[in-house]
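Participant: Quick one: this structure, given as C-alpha cells, is what I'll be asking you about.
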Amino acid sequence: MTKSFDVAVIGAGPGGYVAAIRCAQLGLNTVCIDEWKNEQGVASLGGTCLNVGCIPSKALLESSENYARAAHKFIDHGINLEGLSMDVPVMITRKNKIVKAFTGGIAMLFKKNKVTSLHGSGTLLKQEQESGLWKIQVKNGTEIEEIQAEYVIIATGSTPRQLPFIKVDNDRILDNSGALALTEIPKRLGVIGAGVIGLEMGSVWRRLGSEVTVLEAQPNFLMAADEQIAKEAQKTFTRELGLVIQTGVKIKSIQVEEQQIVVDYADAKVDSQKLEIDKLIVAVGRSPNTAGLGADEIGLKTNERGYIEVDEYCRSNLPKVYAVGDVVRGPMLAHKASEEGVAVAEMIASAKQGHANESAKVNLDIIPWVIYTSPEIAWVGKTEQELKSAGIAYRAGQFPFMANGRARALGETSGFVKVLADADTDRILGIHMIGPYVSEMIAEAVVAMEFAASSEDVARIIHAHPSLSEVLHEAALAVDKRAIHI
Ligand code: FAD
Ligand code: NAI
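Sequential numbering of the sequence shown, starting at 1321, is according to the working numbering.
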C-alpha cells in the first residue's frame, strides 16, 4: 500500500530538515526525502550546509586561524613555539569528524521526532484529483518507491555555478567540496570569485602558507557589503593576510597543463595577463537546484534564473506546495532557509486546523550576514550606499575596536562598528561590523532591529565591561556624537 503522509519534505539541508522537525513537533505525519551521499557513498543528512558548506568551512577556518595565531601572534604574549608545523590530514580528519557527528545528529533528531527519513531522489509526480494528495516518486538507484502527501515542502537547495570554459574535477579545479578536502597546502592557489566562499577558503589556505590570488569580475571588492567595510576588509586582507585581490577582471581562458594551471585574464588596464597556479578554486556563486524534481512536467513555476517562484509565505504556484531556502529568492544562507522551513511548517499546521497563519512569515529585510574571515565581517539591514540611493536621510555613528579594552587584550584591534539610524526618527536602519567575533556581536544588532530600536535605545542599554559589545554601544552613542572613549 502507498505510504501516506501529511507533509513530504524534499531535501534535508537546513531548510528541509528544520521544516520536517517543526512539522513533526506540530503533530504532522512527516517524511523527509534526501539524496545526498558522502564521499564513502553513504547517505548523509544536512545538505550543503553540514556536508560541504557552513560547518566544514568553519572547522577549517578555526584550525587555520589557530595556526596563524600560533605562528604570528603568540610571540606577542611571550609564547614561543619553535618548530611549529601544520599537519593538514589531521586538520581534515578533525573536520570530517565534526561533519559526521552533525550529519548523524540529524538522523537522531529525525528518529526522536518521528520524522520518516527516505534516502533517494524525490520527484513530484502529480496531485490526485479526488484525494488532493501529491504523489511523489523516491528513486534510490534501481529502487523506486511511490509515496503520497497532502502538503509538499521543496528544499532542494543549490549547487555551485560553473564557468562555461572549465570543468571542476575536484582534483586541481575545485569547487567548495574540493576546497574543503585538500590534503596538502598548495604552493600557489588561484580563486575565481571574491565572494563569501572565495574569501573564506582563500583565507584558510593563505593562513597555512599558500600564495593566494583572487580574481574578481566586479569592479569593486565585496559589493554586497557596506562600502566602508569592504574597503577596510580589502586593506586588511591584502596588507595583513597577504591575499592578492584583483578586481574588474575578465577570465579569458583556463589551461590545465601537466605541471600547472594557467589563467589568462584581462583587467581595465591590461588585455592579457597570466596567473600560474597549482590549484584553482572556482567560487562564482551558486544556482538553485531543481534538477530531478519534475518541475516542468507538473508546471511548477520557476523564474528566468531557475529559482522556484514563491510569494512572501513561500507558497509556490501549485496548491499545497511550498519551497524554502536556496531554491527560492533571498540570500543563500542556512539561517534564512531554516527560518523559512519553520514558518512554512507553522502555516501548514494552522491550515490543517482550518485557519490562516499570517504571522508565519520570514522578514527578509532583517537577515544577518557573516563572513568568517579574520577580521570577521557581519551586517544586518541597509548599507550606506543603499540608503543614499533610496534618498533616505540618516545619521551614522562609528567606533573602532582599537579603542576597546577587550579587543586590546585579545590583540585583535582591526576594524570598527557602524550604526546607521534614520535622521528623523532615530530608528536603526543598518548595523555594519568588521572585527573580532562580530559573528557573535551581530545578534544584538538583529534583536535591536527586530524590535524597531532607535540608536538611543542601544546607547541606553548597559553593556558589560570590558567586552567587545561595548564597541556597538559606543557606535550607537556616536550617532548622537556622544561616544565616550574616543
Ligand atoms: P541545501 O543545504 O543545499 O540542501 C538541499 C538538500 O536537498 C541536499 O541534501 C540535496 O542533496 C537535496 N536534494 C536536492 N534535490 C533533491 C531531490 N530531487 N530529491 C531529494 N533530495 C534532493 N550559510 C550560512 O548561513 N552560514 C555559513 O557559514 C555558510 N557557509 C557556507 C560555506 C560554503 C562552502 C557553502 C557552499 C555554503 C555556505 N553557506 C553558509 C550557505 C548554506 O550552506 C546554504 O544557504 C544552505 O545550505 C541552504 O540550505 P537548503 O536547505 O536550502 O539547501
Ligand atoms: P558569491 O555570490 O558570494 O560570490 C561570487 C563572486 O564571484 C562574486 O563576487 C562575483 O562577482 C564573482 N564572479 C562571478 N562570475 C565571475 C567570473 N566569471 N570571474 C570572476 N569573478 C566572478 O558566491 P560564492 O562565494 O560562490 O558563495 C555562494 C553563496 O553561498 C554566497 O552568496 C552565500 O550566500 C553562501 N555562503 C555563505 C557563507 C557565510 O554565510 N559565511 C559562506 C560561504 C557561502
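Each residue gets a CB set at the ideal place from its N, CA and C atoms; glycine is no exception.
#1: Shorter than 6 Å, the distance from the beta carbon of Glu1536 to the closest heavy atom of the ligand NAI, or not?
#2: Who are the near neighbours of Ser1383 in its chain, counting only those whose CB is closer than 6 Å to its CB and skipping five residues on each side?
#3: Checking 7 Å against the spacing of the C-beta atoms, do Gly1331 and Thr1423 come in under that value?
#4: Any chance the segment 1413–1431 sits against the segment 1350–1368, with 3 or more Cβ pairs inside 8 Å?
#5: Quick check on DSSP: helix, strand or coil for Arg1814?
#6: Residue range of the alpha helix (DSSP H) that Leu1707 falls in?
#7: In chain order, what residues of the same chain have a beta carbon less than 7 Å from the beta carbon of Ala1379, not counting five sequence neighbours either side?
#8: In the DSSP assignment, find the beta strand (DSSP E) that holds Gln1616 and state where it starts and stops.
#9: On the three-state DSSP scale, how would you describe His1729?
#10: Does at least one heavy atom of the ligand NAI sit under 6 Å from the Cβ of Met1652?
#11: Taking the beta carbon of Asp1746 as the centre, do at least 16 other beta carbons fall within 10 Å, making it buried, or is it exposed?
#12: Going straight from the alpha carbon of Pro1720 to that of Ala1553, what length do you get?
#13: At the level of alpha carbons, what is the spacing between Ala1796 and Ala1729?
#14: Considering Cα atoms alone, identify which of Leu1788, Ser1658, Leu1613 and Gly1661 is closest to Lys1446.
#15: Nearest-angstrom Cα distance between Arg1342 and Val1327?
#16: Using a Cβ-Cβ cut-off of 6 Å (strictly less than) and excluding sequence neighbours within five positions of Ala1779, which residues of its own chain qualify?
#17: Residues in its own chain within less than 7 Å of Glu1770 by CB, not counting five upstream and five downstream?
#18: Less than 7 Å separating the beta-carbons of Arg1508 and Glu1531?
#19: Would you mind stating whether Cys1369 and Ala1654 have Cβ atoms separated by less than 7 Å?
#20: Have a look at Ser1670 and Ala1643 and give me their C-alpha separation to the nearest angstrom.
#21: Is the closest heavy atom of the ligand FAD to the C-beta of Thr1503 under 6 Å?
#22: Going along the chain, which residues of its own chain have a beta-carbon closer than 8 Å to the beta-carbon of Asp1744, five neighbours each way excluded?
Facilitator: Working from what's here:
#1: As a first step, residue 1536 is located in the sequence shown; it is residue number 216 there, counting from the start. True, at least one ligand heavy atom lies under 6 Å from that Cβ.
#2: Working through the sequence shown from its first residue, we reach residue 1383 at position 63. Met1411.
#3: Along the sequence shown, one-based indexing puts residue 1331 at 11. Along the sequence shown, one-based indexing puts residue 1423 at 103. Going by C-beta atoms, Gly1331 is not nearer than 7 Å to Thr1423.
#4: yes
#5: Not covered by the structure: residue 1814. The range shown for the chain is 1321 to 1806.
#6: As a working mapping, residue 1707 is identified with position 387 in the sequence shown. Glu1704 to Ser1709 is the span of the alpha helix (DSSP H), which, as asked, contains Leu1707.
#7: Here residue 1379 refers to the residue found at position 59 of the sequence shown. Taken in chain order, the residues that qualify are Arg1414, Lys1415 and Ile1418.
#8: As a working note, residue 1616 is residue 296 in the sequence shown. Sequence inspection shows Asp at residue 1616; the Gln mentioned does not correspond to that position. Unbroken run through Asp1616 is the alpha helix (DSSP H), Ala1615 to Ile1618; no beta strand (DSSP E).
#9: Numbered from its first residue, the sequence shown carries residue 1729 at position 409. The sequence given here places Ala at residue 1729; His does not occur at that position. Looking at Ala1729 - three-state DSSP - the assignment turns out to be helix.
#10: For the purposes of this step, residue 1652 is taken as residue 332 along the sequence shown, with counting starting at 1. Met1652: yes, Cβ under 6 Å from the ligand NAI.
#11: The count along the sequence shown starts at 1 and reaches residue 1746 at position 426. Looking at its Cβ environment, which holds 16 or more other Cβ atoms inside 10 Å, Asp1746 is buried.
#12: Counting from 1 along the sequence shown, the entry for residue 1720 is found at position 400. Counting from 1 along the sequence shown, the entry for residue 1553 is found at position 233. Using only the alpha carbons, I get a separation of about 14 Å.
#13: For the purposes of this step, residue 1796 is taken as the residue at position 476 of the sequence shown. For the purposes of this step, residue 1729 is taken as the residue at position 409 of the sequence shown. One C-alpha to the other measures close to 23 Å.
#14: For the purposes of this step, residue 1446 is taken as the residue at position 126 of the sequence shown. Cα-wise, what sits closest to Lys1446 is Leu1613.
#15: As a first step, residue 1342 must be located in the sequence shown, where it is residue number 22. As a first step, residue 1327 must be located in the sequence shown, where it is residue number 7. One C-alpha to the other measures close to 11 Å.
#16: Working through the sequence shown from its first residue, we reach residue 1779 at position 459. Within the same chain, Ala1779 has close Cβ partners Ala1796 and Leu1797.
#17: What you label residue 1770 is simply residue 450 of the sequence shown in a count that begins at 1. Result list for Glu1770: Ile1686, in chain order.
#18: Within the sequence shown, the letter at position 188 stands for residue 1508. Within the sequence shown, the letter at position 211 stands for residue 1531. Taking 7 Å as the Cβ cut-off, Arg1508 and Glu1531 qualify as a contacting pair.
#19: Taking the first residue of the sequence shown as position 1, residue 1369 is located at position 49. Taking the first residue of the sequence shown as position 1, residue 1654 is located at position 334. A contact, by the Cβ cut-off of 7 Å.
#20: The residue given as residue 1670 occupies position 350 in the sequence shown. The residue given as residue 1643 occupies position 323 in the sequence shown. Rounded to the nearest angstrom, the two C-alpha atoms are 17 Å apart.
#21: What you label residue 1503 is simply residue 183 of the sequence shown in a count that begins at 1. Not so, every heavy atom of the ligand FAD lies at least 6 Å from the Cβ.
#22: Here the question's residue 1744 lines up with position 424 in the sequence shown. Answer for Asp1744: Ala1713, listed in chain order.
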